[in-house]
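The number in this note's numbering is simply the position in the sequence shown, starting from 1, with 2 added.
To start, the structure under review is shown below, and the notes come after it.
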Amino acid sequence: MELEMETTKMLKANAVRCIDIEFEDLTYQVTVPKQKEKKTVLKGISGTFRSGELTAIMGPSGAGKSSLMNILTGFTKNGVTGNIKFGSAAKARKLCCYIMQDDHFYSWFTVEETMMLAASLKISNNSMPIRDRKLLIDQILDTLKLTKTKHTRCSRLSGGQKKRLSIALELIDNPAVLFLDEPTTGLDSSTSFDTIKLLQTLASQGRTIVCTIHQPSSNIYSLFNQIYVMSKGYCSYQGTPDRTVDYFKSVGLECPPYHNPADFLLECVNGDFGDYTSALTEAAKKPEWRHDYDRSRSAITASEKISEALSATNGKHCPSQQTPTSSHIYPPPEWMRLWLLIGRCHVQIFRDWSLTHIKLLMHILCAILIGLLFGDSGSNADKQLSNFGSFLVHSLYLWYTTIMPGVLRFPQEIAIIKKESFNNWYKLRTYYLATLITSTPVHIILSSVYMTIAYVMTDQPLELDRFVKMILTSMILTVCADGLGIFLGTILNPVNGTFVGAVATCFMLIFSGFLIFLNHMSDFMRMISYVSPIRYGLENMVLAMYSNNRQDTICPDDVLYCHFKNAATVLKSFGMENGNYGMNLTILVVQILFYKSCAYFTLRRQVKRQ
């Protein structure tokens, strides 16, 4: 009882603001690919979605349901004309959230951890202390019947539980408007009914809830306060579910007895009984089929009076659109969100064994294998060609094992990023910076472990400056591979990104300076090699081992002549005698900055793209 009372006070302090959504003469045009003319998707539609009501947008495929939803949520802005009004409050659109059709979460976190992180990203400590935040989360989970799954990983939730968790996450900051895209898709009939019943309850607290739905059952259909039917870009009906049959009867379409009104509605607008689009569009403009506005407003006013009288027990006060609440919940500053996202990324890295444990094990095993394969090539004058080959193996191994995971990283998370950034959990640049800060040390550690083992086992010179240069080169090359990987992953799908990444690696191998030495290339081909990061990585490894007056390597007694005994001979033979370690390192750093910057802008484009 004490928990409920304290939570009620918190909810009342940040009461739901009543926001009506009104749109008038809304038109949306898109350019058809390979054609000059434009296609009109929405054709001058108008409507009102009121607070305290659950509205369903229905219609056959291609009717314009998703287009209308995307325009109202702000996903689509280009090609739109008409007027859209979100209440009378300034920046009212920021009080809205969008719950997408598919429910995506980080699988390694529990329900409670996911809720706590969302609360921390949405609510500052000054607005609500951590203790009160926990009470609020417990109450939301209890309301949505998720208390028993608090300690369950998100990946193990059922479809209905995932949908309720998606709703719970957005209820943390008490939004005034909820948009949902097909909330019953993939759910059984019982779970679908429970989900819509939950939305009806949330709407009755003063929220404006709008969702698209496809062919609901009669039980679910009756739960909606308002139905908005679309057909061929027009509005064919806007009114209550119980008036649907009378409405279609008025234009000569009579519903058979015991027939689901929702099914009959879709059959009519789909043209199963003839083309009634024009008649339905004109009939939908008549006000008698819509809600009685005065009656709706008076009902909400009465609800407000009851809420104020019983505020100690229910806390469902809905302030007017003009009057702000006395207490507000403010989001934390962006630097705090950055810190929270860094923490989430760290937890994910350490819990996901495929990200760290397997990679570390494989790096150790491969380093040992390569060390055994090349043996004493680092000190044996007769094996210097093999030693040069080992540097190429190091470069290719570090490059290839980093670029491929980079290609796959953001495609796996793009749905989560889109949901969280659009609903104002954080700015995209904050998330991107957090991923860079957490992933870079992992690449540095893995490459250092690999190179240390390989360096020692191949009997390279035990000189600190050479060892540091080799480690530094491997680190920078690995981070560069990650940059190119995430860049490809943000402009291509995983299949094409993997293919292009492999082809790019082959291209870089050809121009690395090993298969054909740099001094054997034509001037034009040598210019092309300047774009290959592997070329700079390989050259720096060679320079680290053979420059700065290295002593001659030992020629075995059973070998008559060792041509590559002298380090200067090695550099000259491979065309690297004029190589500059610092310049190569600088070029790699510039490429890292270029790839990472391009990846951010292409990621932002992906998030904003429909």
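Every residue gets a Cβ at the ideal spot worked out from N, C-alpha and C, and that includes glycine.
Nonlocal neighbours in the same chain, by C-beta distance under 6 Å from residue i, ignoring five residues either side
{"i": "Ser122", "result": "Leu342"}
{"i": "Phe226", "result": "Leu56, Ala58, Pro243"}
{"i": "Arg611", "result": "none"}
{"i": "Ala601", "result": "Ile488, Phe489, Thr492"}
{"i": "Ala304", "result": "Low local confidence applies: a pLDDT of 39 at Ala304 is under 50, so the model's placement there is unreliable, and no value is given."}
{"i": "Gln414", "result": "none"}
{"i": "Gly499", "result": "Val409, Leu490, Gly491"}
{"i": "Gln593", "result": "Cys482, Pro535"}
{"i": "Lys87", "result": "Glu24"}
Beta-carbon spacing of residue i, residue j below 8 Å
{"i": "Ile530", "j": "Ile455", "result": "no"}
{"i": "Glu55", "j": "Gln228", "result": "yes"}
{"i": "Leu511", "j": "Leu590", "result": "no"}
{"i": "Ile142", "j": "Met118", "result": "no"}
{"i": "Thr203", "j": "Lys165", "result": "no"}
{"i": "Val231", "j": "Ile23", "result": "no"}
{"i": "Cys213", "j": "Pro185", "result": "yes"}
{"i": "Tyr452", "j": "Leu400", "result": "yes"}
{"i": "Gly539", "j": "Thr437", "result": "no"}
{"i": "Tyr597", "j": "Leu479", "result": "no"}
{"i": "Ser238", "j": "Leu282", "result": "yes"}
{"i": "Pro97", "j": "Pro177", "result": "First, the amino acid is wrong: residue 97 is Leu here, not Pro. In contact: Leu97 and Pro177 (Cβ atoms closer than 8 Å)."}
{"i": "Ile556", "j": "Ala483", "result": "no"}
{"i": "Leu33", "j": "Thr42", "result": "Just to set this straight, residue 33 is Thr in the shown sequence, not Leu. Not a contact, by the Cβ cut-off of 8 Å."}
{"i": "Ser514", "j": "Leu394", "result": "yes"}
{"i": "Ile101", "j": "Ile174", "result": "no"}
{"i": "Arg209", "j": "Ser449", "result": "no"}
{"i": "Thr279", "j": "Tyr236", "result": "yes"}
{"i": "Asn586", "j": "Asn542", "result": "yes"}
{"i": "Ser194", "j": "Asn262", "result": "no"}
{"i": "Ile446", "j": "Met472", "result": "no"}
Cross-strand partners of residue i (DSSP beta bridge)
{"i": "Thr42", "result": "Gln31"}
{"i": "Glu24", "result": "Thr50, Lys87"}
{"i": "Gln240", "result": "Tyr230"}
{"i": "Gly276", "result": "Asp274"}
{"i": "Asp183", "result": "Thr214"}
{"i": "Ile101", "result": "Leu182"}
{"i": "Leu56", "result": "Ile211"}
{"i": "Asn382", "result": "Ile556"}
{"i": "Val253", "result": "For Val253, which the question treats as bridged, DSSP gives no partner whatsoever."}
{"i": "Val82", "result": "Tyr30"}
{"i": "Thr112", "result": "Arg155"}
8 Å Cβ shell around residue i - same chain, five flanking residues per side excluded
{"i": "Leu268", "result": "Met60, Gly61, Pro62, Gln217"}
{"i": "Arg528", "result": "Leu520"}
{"i": "Asp378", "result": "Lys385, Thr460, Asp461"}
{"i": "Ile419", "result": "Phe412, Leu430, Tyr433, Leu605, Val609"}
{"i": "Ile344", "result": "Ala436, Ile439, Thr440"}
{"i": "Ser423", "result": "Lys429, Leu430, Tyr433, Val609"}
Beta-carbon contacts of residue i that lie in its chain and below 7 Å, excluding the five residues immediately before and after
{"i": "Leu357", "result": "Ile351"}
{"i": "Ile493", "result": "Thr604"}
{"i": "Glu26", "result": "Ser48, Gly84, Asn85"}
{"i": "Met71", "result": "Ile59, Phe181, Asp183, Thr214"}
{"i": "Asn550", "result": "none"}
{"i": "Thr154", "result": "Thr112, Val113"}
{"i": "Tyr402", "result": "Thr507"}
{"i": "Asp354", "result": "Trp110"}
Buried versus exposed call for residue i [16 or more other C-beta atoms within 10 Å across all chains shown]
{"i": "Cys20", "result": "buried"}
{"i": "Gly317", "result": "Low confidence applies here, because Gly317 scores a pLDDT of 40, under 50, leaving its location unreliable and the question unanswered by this model."}
{"i": "His396", "result": "buried"}
{"i": "Asp274", "result": "exposed"}
{"i": "Val544", "result": "buried"}
{"i": "His359", "result": "exposed"}
{"i": "Ser192", "result": "exposed"}
{"i": "Gly584", "result": "exposed"}
{"i": "Ser599", "result": "exposed"}
{"i": "Val572", "result": "buried"}
{"i": "Ser524", "result": "exposed"}
{"i": "Tyr548", "result": "buried"}
{"i": "Tyr563", "result": "exposed"}
{"i": "Cys508", "result": "exposed"}
{"i": "Phe501", "result": "exposed"}
{"i": "Ala301", "result": "With a pLDDT of 43 at Ala301, under the threshold of 50, the predicted position of this residue should be treated as unreliable, though the coordinate-derived value follows. The residue is exposed, with fewer than 16 neighbouring Cβ atoms inside 10 Å."}
{"i": "Ser65", "result": "In the sequence under discussion, the amino acid at residue 65 is Ala, which differs from the Ser named in the question. When all chains shown are included, Ala65 counts as buried."}
{"i": "Leu466", "result": "exposed"}
heavy atom of the ligand FAD below 7 Å from residue i C-beta
{"i": "Ser69", "result": "Looking at this structure, you won't find the ligand FAD or any other ligand, since it has none at all."}
Unbroken stretches of the alpha helix (DSSP H), 4 residues or longer, contained in the segment 326 to 373: Scanning the segment 326 to 373 for uninterrupted alpha helix (DSSP H) segments of 4 residues or longer gives 336 to 353, listed from N- to C-terminal end.
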